[in-house]
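Chains as they are written, first to last, in the numbering used here: chain A, 895 to 1098; chain B, 895 to 1098.
Protein chains: 2
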Amino acid sequence: MNSSGSTKERILGAAEVLFAQRGFDGASLRQLTAAAGVNLAAVNYHFGSKEKLVEEVFRRRLDALNASRLKALAKVSGAAGTTLEDVLEAYIRPALELSHDDNGSLFMRVLARAFAEHDDTLRQFLSENYGHVMRQFTAEFARLLPQLDKPELYWRIDLVTGALTHAMSGFGMIQRKSEVSEQVHREQIAQHLIRFAVAGLSHP
Amino acid sequence: MNSSGSTKERILGAAEVLFAQRGFDGASLRQLTAAAGVNLAAVNYHFGSKEKLVEEVFRRRLDALNASRLKALAKVSGAAGTTLEDVLEAYIRPALELSHDDNGSLFMRVLARAFAEHDDTLRQFLSENYGHVMRQFTAEFARLLPQLDKPELYWRIDLVTGALTHAMSGFGMIQRKSEVSEQVHREQIAQHLIRFAVAGLSHP
DNA sequence: AGGAAGTTCAAACGATCGTTTGAGCATACG
DNA sequence: CGTATGCTCAAACGATCGTTTGAACTTCCT
Chain A
895 MNSSGSTKER
905 ILGAAEVLFA
915 QRGFDGASLR
925 QLTAAAGVNL
935 AAVNYHFGSK
945 EKLVEEVFRR
955 RLDALNASRL
965 KALAKVSGAA
975 GTTLEDVLEA
985 YIRPALELSH
995 DDNGSLFMRV
1005 LARAFAEHDD
1015 TLRQFLSENY
1025 GHVMRQFTAE
1035 FARLLPQLDK
1045 PELYWRIDLV
1055 TGALTHAMSG
1065 FGMIQRKSEV
1075 SEQVHREQIA
1085 QHLIRFAVAG
1095 LSHP
Chain B
895 MNSSGSTKER
905 ILGAAEVLFA
915 QRGFDGASLR
925 QLTAAAGVNL
935 AAVNYHFGSK
945 EKLVEEVFRR
955 RLDALNASRL
965 KALAKVSGAA
975 GTTLEDVLEA
985 YIRPALELSH
995 DDNGSLFMRV
1005 LARAFAEHDD
1015 TLRQFLSENY
1025 GHVMRQFTAE
1035 FARLLPQLDK
1045 PELYWRIDLV
1055 TGALTHAMSG
1065 FGMIQRKSEV
1075 SEQVHREQIA
1085 QHLIRFAVAG
1095 LSHP
């Protein structure tokens, strides 16, 4: 299980896998360091504590994910011809691409777990560091759905993001039929999610 | 925190609260028995183990919830004039009523947690004991949405149930405006969820 | 009243947890 | 060459976990 990468990277990789499988409490530092092929004390040496390691696991993936989402959103935001589909693509596609990397699909499970756990510390960390992304998407949704008042819009966004988070956390388990390529498969999933989200956001 | 009810009931009540707040691993039997006002050994005496206690927490609420759902479904199932709204009401309303009982809203959080945790033991327990409910609802959805092939239908049901579970797990936190009654408030939420679910299931 | 069955209690069990320690190893710089 | 500096290691720390034990206490039946 060891093999490649620096000690920090091997710890982060193993942490992602074990956090997804057994949760933050359920995965012990002894299982984690054994899987990573590093010494037990390495976690506290490199990260300071288990909690800091959890935050670093989030930071590593979410920095890339949110940068990708915001970049895609910037391309369509505010323009005249922009559709709901465009904005939802900017939200969904980066997560889908992440899900098809090495352990990226496992990270979506970790994210869904953090969503379901109403742990205040973790929620505050996520809100402080990445809340601005959701705020930008919400602003764009508001522009494209002017017929909805704010409470109604927030309701729908909450329901849609809940459904998408849940769906993406299961991507590791979906097995595509062997006759369709990886790319086609991903495209089909994206279309499912986008059409569903459009319906949920824009129904009369 | 003790006061009323038998020892078993006090343990189940405290377990529901603490499992929702800190998760199954995070809530210790010592916190739990202290909150219930019973002796530490009482859990193992009455339930056999912590894991059996977890199952009993689910069983107590899900037995009632699913019975209520199936009863409501039976009233509209198979009939000629039945609409998607009718079936979704049968699914959503019992959970909503549960959410407005004493600790019922906390149980929906526990359920959402179990959903997000991909723990095999717990998933198998839920599937074996309550899978038939989901199967009956799926059959009725299939009857009302004949234009959808099976994979498409399963996709949409999965997305809708994910959104509903997520939404219902947050009911404890929604504060209704003081000028609307409890009943009106519940009705508004039900309408939100049903309209959203109809859109997600039946979009072209 | 007296014994049987059911329940509660304080105390302890071994296991495992996150964290800390201090010695040992490596690499690089003067 | 010597000595810093950064990192790894085995070992131990105290705390907390789920579970077990055996005695004490209740409740109820004959």
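We put the CB at the ideal spot given by N, CA and C, even for glycine.
Please tell me whether G1056(A) has its Cβ less than 8 Å away from any Cβ of chain B.
For the purposes of this step, residue 1056(A) is identified with residue 162 of the first sequence, where counting begins at 1. So yes, G1056(A) belongs to the interface.
Could you tell me the distance, in whole angstroms, from the CA atom of N1099(B) to the CA atom of E1011(A)?
As displayed, chain B neither begins before 895 nor continues past 1098, which places residue 1099(B) out of reach and without an answer.
Does the beta-carbon of R1017(B) have 16 or more other beta-carbons within 10 angstroms, so that it is buried, or is it exposed?
Numbered from 1 along the second sequence, position 123 holds the residue referred to as residue 1017(B). Counting Cβ neighbours within 10 Å, R1017(B) comes out exposed, since fewer than 16 surround it.
Can you say whether I1063(B) is buried or exposed, counting buried as having 16 or more other CB atoms within 10 angstroms of its CB?
As a first step, residue 1063(B) must be located in the second sequence, where it is residue number 169. Sequence check: residue 1063(B) is Ser here, not Ile. Burial check for S1063(B): the Cβ neighbour count within 10 Å reaches 16 or more, so the residue is buried.
Given a cut-off of 8 Å on the beta-carbon distance, is the pair F1035(B) and L1095(B) in contact?
The sequence position of residue 1035(B) within the second sequence is 141, counting from 1. The sequence position of residue 1095(B) within the second sequence is 201, counting from 1. Cβ atoms of F1035(B) and L1095(B): closer than 8 Å.
Buried versus exposed, by CB contacts within 10 Å (16 or more), V981(B)
Residue numbering aside, residue 981(B) sits at position 87 when the second sequence is read from its first letter. Its Cβ being crowded by 16 or more others within 10 Å, V981(B) is buried.
Endpoints, alpha helix (DSSP H) assigned at G920(A):
What you label residue 920(A) is simply residue 26 of the first sequence in a count that begins at 1. Its alpha helix (DSSP H) spans residues 901-920.
Taking 8 Å as the threshold (C-beta atoms), are V937(B) and L906(B) in contact?
Looking up residue 906(B) in the second sequence gives position 12. Looking up residue 937(B) in the second sequence gives position 43. No, the pair does not count as a contact, with Cβ atoms beyond the cut-off.
Helix, strand or coil for A935(A), going by three-state DSSP, please let me know.
In the first sequence, counting from the first residue as 1, residue 935(A) sits at position 41. Residue state, collapsed to three classes: coil.
What is the DSSP secondary structure of Q1082(B), counted as helix, strand or coil?
As a first step, residue 1082(B) must be located in the second sequence, where it is residue number 188. Here Q1082(B) sits in helix by DSSP.
Listed by chain order, chain A residues near A1093(B) by CB distance under 7 Å
As a position in the second sequence, residue 1093(B) is number 199, starting the count at 1. By Cβ distance, chain A contributes A1093, G1094, H1097.
Residues within the segment 1001-1034 of chain B neighbouring chain A, beta-carbon criterion of under 9 Å:
So the close ones are R1003, A1006, R1007, A1008, F1009, A1010, E1011, H1012, D1013.
Identify the contact partners of G920(A) in chain B, using a Cβ-Cβ distance below 8 Å as the criterion.
As a working note, residue 920(A) is residue 26 in the first sequence. Going along chain B in sequence order, the residues near G920(A) (Cβ under 8 Å) are D919.
Let's see if you can read the secondary structure: which residues bound the alpha helix (DSSP H) around D995(A)?
Indexing the first sequence from 1 puts residue 995(A) at position 101. Careful: D995(A) lies outside any alpha helix (DSSP H) and carries neither H nor E.
Grouping DSSP H, G and I as helix and E and B as strand, with all else coil, what is E983(A)?
The residue labelled residue 983(A) in the question sits at position 89 within the first sequence. E983(A) carries a helical assignment under DSSP once its states are collapsed to helix, strand and coil.
Assumed close pair P988(A), R963(A) - CB separation to whole angstroms, cut-off 8 Å
Position 94 of the first sequence, counted from the start, is the residue given in the question as residue 988(A). Position 69 of the first sequence, counted from the start, is the residue given in the question as residue 963(A). About 5 Å separates the two Cβ atoms, so the contact holds.
Given that R904(A) touches chain B, what residues does it touch there, using C-beta distances under 9 Å?
Position 10 of the first sequence, counting from 1, holds the residue named residue 904(A). Within chain B, not a single residue places a beta-carbon under 9 Å from that of R904(A); the smallest gap is close to 24 Å.
I'd like the span of the alpha helix (DSSP H) that includes G972(B), first residue to last.
Translated into positions along the second sequence, residue 972(B) becomes position 78. Counting along the chain, no alpha helix (DSSP H) covers G972(B), and no H or E run does either.
Less than 6 Å between C-beta atoms, sequence neighbours within five positions excluded: which residues of the same chain meet that for T976(A)?
By 1-based counting over the first sequence, the position of residue 976(A) is 82. Same-chain partners within the cutoff: V970.
Drop a sphere of 10 angstroms on the beta-carbon of R924(B), count the other beta-carbons inside from all chains shown, and report buried for 16 or more, exposed for fewer.
For the purposes of this step, residue 924(B) is identified with residue 30 of the second sequence, where counting begins at 1. Counting Cβ neighbours within 10 Å, R924(B) comes out exposed, since fewer than 16 surround it.
Within the same chain, show all residues whose beta-carbon is closer than 6 Å to that of M895(A), passing over the 5 residues directly before and after it, in chain order.
Indexing the first sequence from 1 puts residue 895(A) at position 1. Residue confidence for M895(A) is low, a pLDDT of 43 falling below 50, so the modelled location carries little weight; the figure read from the coordinates is stated next. Closer than 6 Å at the Cβ level, and outside the excluded window around M895(A), lie A929, G931.
Look up Q1041(B) in the DSSP assignment and say whether it is helix, strand or coil.
What you label residue 1041(B) is simply residue 147 of the second sequence in a count that begins at 1. In this structure, Q1041(B) counts as coil in the three-state DSSP scheme.
Counting only Cβ pairs nearer than 9 Å, list the residues of chain A close to H1060(B).
Numbered from its first residue, the second sequence carries residue 1060(B) at position 166. Proximity of chain A to H1060(B) at the Cβ level (cut-off 9 Å) is accounted for by F1009, A1010, D1052, L1053, T1055, G1056, A1057, T1059, H1060, in chain order.
For F1019(B), which of A914(B), K946(B), A921(B), E903(B) has the nearest alpha-carbon?
Taking the first residue of the second sequence as 1, we reach residue 1019(B) at position 125. The shortest C-alpha separation from F1019(B) is found at K946(B).
Cα-Cα separation between L1022(A) and R953(A), rounded to whole angstroms
Locating residue 1022(A) in the first sequence gives position 128, counting from the first residue. Locating residue 953(A) in the first sequence gives position 59, counting from the first residue. In the sequence under discussion, the amino acid at residue 1022(A) is Glu, which differs from the Leu named in the question. So the two alpha carbons sit approximately 12 Å from each other.
Determine the DSSP secondary structure at P988(A), reduced to helix, strand or coil.
Looking up residue 988(A) in the first sequence gives position 94. In the structure shown, P988(A) sits in a helix (DSSP, three-state: H, G or I).
Given H1097(A) as reference, the closest of Q1041(A), G998(A), A1061(A), E1081(A) once Cα atoms are compared
Indexing the first sequence from 1 puts residue 1097(A) at position 203. For H1097(A), the nearest C-alpha among the options comes from Q1041(A).
Roughly how many angstroms separate the alpha carbons of Y985(A) and L1058(B), rounded to a whole number?
Within the first sequence, numbered from 1, the residue matching residue 985(A) stands at position 91. Within the second sequence, numbered from 1, the residue matching residue 1058(B) stands at position 164. Cα to Cα, Y985(A) sits roughly 20 Å from L1058(B).
Alpha carbon to alpha carbon, how far is G920(B) from G1025(B)?
Here the question's residue 920(B) lines up with position 26 in the second sequence. Here the question's residue 1025(B) lines up with position 131 in the second sequence. In this structure, the straight-line span from the alpha carbon of G920(B) to that of G1025(B) is close to 27 Å.
Since E910(B) contacts V1004(B) with CB under 8 Å, what's their CB separation in whole angstroms?
For the purposes of this step, residue 910(B) is taken as the residue at position 16 of the second sequence. For the purposes of this step, residue 1004(B) is taken as the residue at position 110 of the second sequence. Between V1004(B) and E910(B) the Cβ distance is about 6 Å, and since that is below 8 Å, they are a contact.
Alpha carbon to alpha carbon, what distance is there between H940(B) and Q1082(A)?
For the purposes of this step, residue 1082(A) is identified with residue 188 of the first sequence, where counting begins at 1. For the purposes of this step, residue 940(B) is identified with residue 46 of the second sequence, where counting begins at 1. Q1082(A) and H940(B) have their C-alpha atoms spaced approximately 50 Å apart.
C-alpha gap between H1079(B) and E983(A), whole angstroms:
Residue numbering aside, residue 1079(B) sits at position 185 when the second sequence is read from its first letter. Residue numbering aside, residue 983(A) sits at position 89 when the first sequence is read from its first letter. Across the structure, H1079(B) and E983(A) are spaced so that their CA atoms are roughly 34 Å apart.
I want to see whether chain B comes within less than 8 Å of R1080(A), judged by CB atoms only; does it?
Taking the first residue of the first sequence as position 1, residue 1080(A) is located at position 186. For R1080(A), no Cβ of chain B is located within less than 8 Å of the residue's own Cβ.
Do F1090(A) and L967(B) have their CB atoms nearer than 8 Å?
Walking along the first sequence from the start, residue 1090(A) turns up at place 196. Walking along the second sequence from the start, residue 967(B) turns up at place 73. Going by beta carbons, F1090(A) and L967(B) fall outside the 8 Å limit.
Contact under 8 Å by Cβ, A1006(A) with H1060(A)
Numbered from 1 along the first sequence, position 112 holds the residue referred to as residue 1006(A). Numbered from 1 along the first sequence, position 166 holds the residue referred to as residue 1060(A). Yes. Within cutoff.
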